[in-house]
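Numbering-wise (our numbering), the sequence shown opens with residue 105 and increments by one. Every residue gets a Cβ at the ideal spot worked out from N, C-alpha and C, and that includes glycine. Just so it is clear, the structure is predicted and the values come from calculations on it, not from any experiment.
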Amino acid sequence: MAKIATREAYGKTLVELGEEIQDIVVLDADLSQSTKTVFFAKKFPERFFNMGIAEQNLMGTAAGFAASGKIPFASTFAVFATGRAFEQIRNSICYPKLNVKIAATHAGLTVGEDGATHQAIEDLAIMRALPNMTVICPADSVETELAVRAAVLYDGPVYLRLGRLAVETIFDENYEFKLGRGVTLREGKDIAIIATGIMVNEAIKAAQKLEKDGIDAMVINISTLKPIDKEIILKAAECGAIITAEEHSIIGGLGSAVAEVLAESKPVRMKRIGIADEFGQSGKPDELLRLYNLTSDDIVKEAKKLKAY
């Protein structure tokens, strides 16, 4: 399947939505070539605002647009959106529950050579903790387009986590995205793999490898981390063991969210695959994913350990 970056799909979908919905405005922090809001800027220059390298002002202005009845998309790199502008997101967007869509690109280790200072590996944890915030992490370009469209229709703050790296296309035109709902991509009875973002594809590959060894693995895509789909997690718990996989710290992201649901309702054996309590480093994306144990082989290894427990 073709490889397309989720940020690319976001940029193209913005243009389509801009033609359909006149109230959409787009703001960027002098990174439009990278976030792909440049597509919207060229098509609708009167509705595009380059706020410069000033993320706090970016979010504050987006809040003002939302308070005036517009639907603003505020874009910058994930590490700056959630780090530098946290106070504005918290107090100016989430507290009054304004209709701002934060589309943060270049999330995770796969930023690559830019290194630890630009690799947002804690952004999901930060955004998930904010009241009124909806958090989405699409797996591929198809899901990204559907997620952006769902975000426009939803009245309230949304955080969209997007990547720099071109990733394999998993879904086709028949795929259905529903805000707040997970999707079972593969049924299984021996172990459940719950993944988000680029790790969904690795989970699918891991299940295929496990099948060859006689292990029947369920695969679930959780693209909405908040509100999380408790029902599908409890269904996964019937397998007796769960692995979570994310390109994010194991603290506060998908693994934590799933563990919270299980701890309160149906505790089962569990392993979180993600980035340990450490920063990333500079390197090629594929090398970093292997170095930090974020591959299908790593999922297989942990699945076999859980199965043999």
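By the Cβ rule, the stretch 304-315 does not count as touching the stretch 359-366, because fewer than three pairs are nearer than 8 Å. One alpha carbon belongs to residue 193, the other to residue 397, and they sit about 32 Å apart. Our two residues, residue 375 and residue 352, have alpha carbons roughly 14 Å apart in a direct line. Taking the Cβ atoms as the reference, residue 209 lies roughly 7 Å from residue 268, within the contact range of under 8 Å. By the Cβ-count criterion, residue 331 is exposed, with fewer than 16 other Cβ atoms from all chains shown falling within 10 Å of its own Cβ. In the pairwise beta carbon analysis, the stretch 262-279 is classified as touching the stretch 239-246: at least three pairs are separated by under 8 Å.
In this structure, residue 392 keeps its C-beta atom at 9 Å or more from the C-beta atom of residue 187. Around the C-beta of residue 286, 16 or more other C-beta atoms lie within 10 Å, and the residue is accordingly described as buried. Exposure of residue 367 is indicated by the presence of fewer than 16 other C-beta atoms within 10 angstroms of its C-beta. Looking at the backbone, the Cα of residue 112 and that of residue 139 are separated by about 8 Å.
Note on geometry: alpha-carbon atoms of residue 114 and residue 177 lie some 11 Å from one another. Around the beta-carbon of residue 110, 16 or more other beta-carbon atoms lie within 10 Å, marking it buried. When 283, 196, 318 are compared, the shortest CA-CA separation from residue 327 is found for 283.
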